[in-house]
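Asks:
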């Protein structure tokens, strides 16, 4: 068993989740401050949008890499990797639809809604990906987190699911590190824990 590759995949998934948490936190703070002050500076809006976009791209890249790595080792996650790609495609279609709304309102709205549906399917697939990784490592926390993440359309459950996914990945990481340390003849490795 290649623990280092598995640790890398788990670490990528954890980093992807951290980027999602930071992005959500920043956007929540921005929206709350906008409601409190009843106005938001266009500069603040643009900067927060750009930061959110960068964090979203980093999250998607890490999630895809993590799911792909674990999937290649037979540890589940192939649907999660496909879900990430669907989100990217859905975002592109939704953006195209929004731009088309300036030309043809109903046609653009239909395209934007189609993109939104694809994004939702992608998030559900990511939840199933986390569930399959949890199944591969027999980790109940990760499996429950995957189920809750897949319930994208229910308010707050996906956030709870993502938190459980992160906790479950930490448990899996601990198991892999313990397994690596207990292998006979294995040289001790000192690697910093991932986020």
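In my numbering, the protein residues as written are 21 to 215. Don't be surprised by glycine CBs; every beta carbon is placed ideally from N, CA and C. Note that the structure is predicted; figures quoted are calculated from it, not measured.
1) Grab me the residues of residue 43's own chain with a C-beta within less than 7 Å of its C-beta, minus the 5 sequence neighbours each way, in chain order.
2) What number of angstroms, rounded off, separates the C-alpha of residue 161 from the C-alpha of residue 183?
3) Could you pull the start and end residues of the alpha helix (DSSP H) that residue 105 belongs to?
4) Check the C-beta distance from residue 191 over to residue 158 and give it rounded, since I have them as a contact under 8 Å.
5) Whole angstroms are fine: how far does the CA of residue 173 sit from the CA of residue 122?
6) With distances taken from CA atoms, which of 25, 48, 83 and 64 is nearest residue 39?
7) With a cut-off of 8 Å on the beta carbons, I'd call residue 140 and residue 128 a contact; round off their distance for me.
Replies: By the coordinates alone:
1) If you number the chain shown from 1, residue 43 lands on position 23. So the qualifying residues of the chain are 72, 75, 76 and 79.
2) In the chain shown, residue 161 corresponds to position 141, counting from 1. In the chain shown, residue 183 corresponds to position 163, counting from 1. Roughly 10 Å separates the two Cα atoms.
3) Looking up residue 105 in the chain shown gives position 85. That run of the alpha helix (DSSP H) goes 98-120.
4) Here residue 191 corresponds to residue number 171 of the chain shown, with the count starting at 1. Here residue 158 corresponds to residue number 138 of the chain shown, with the count starting at 1. Actually they do not touch by this definition, with Cβ atoms about 10 Å apart.
5) The sequence position of residue 122 within the chain shown is 102, counting from 1. The sequence position of residue 173 within the chain shown is 153, counting from 1. Whole-angstrom Cα-Cα distance: 28 Å.
6) Reading the chain shown from its first residue, position 19 is the one you call residue 39. Residue 39 has its Cα closest to that of 83, out of 25, 48, 83 and 64.
7) To locate residue 140, count along the chain shown from 1; it is residue 120. To locate residue 128, count along the chain shown from 1; it is residue 108. About 19 Å; that fails the 8 Å criterion.
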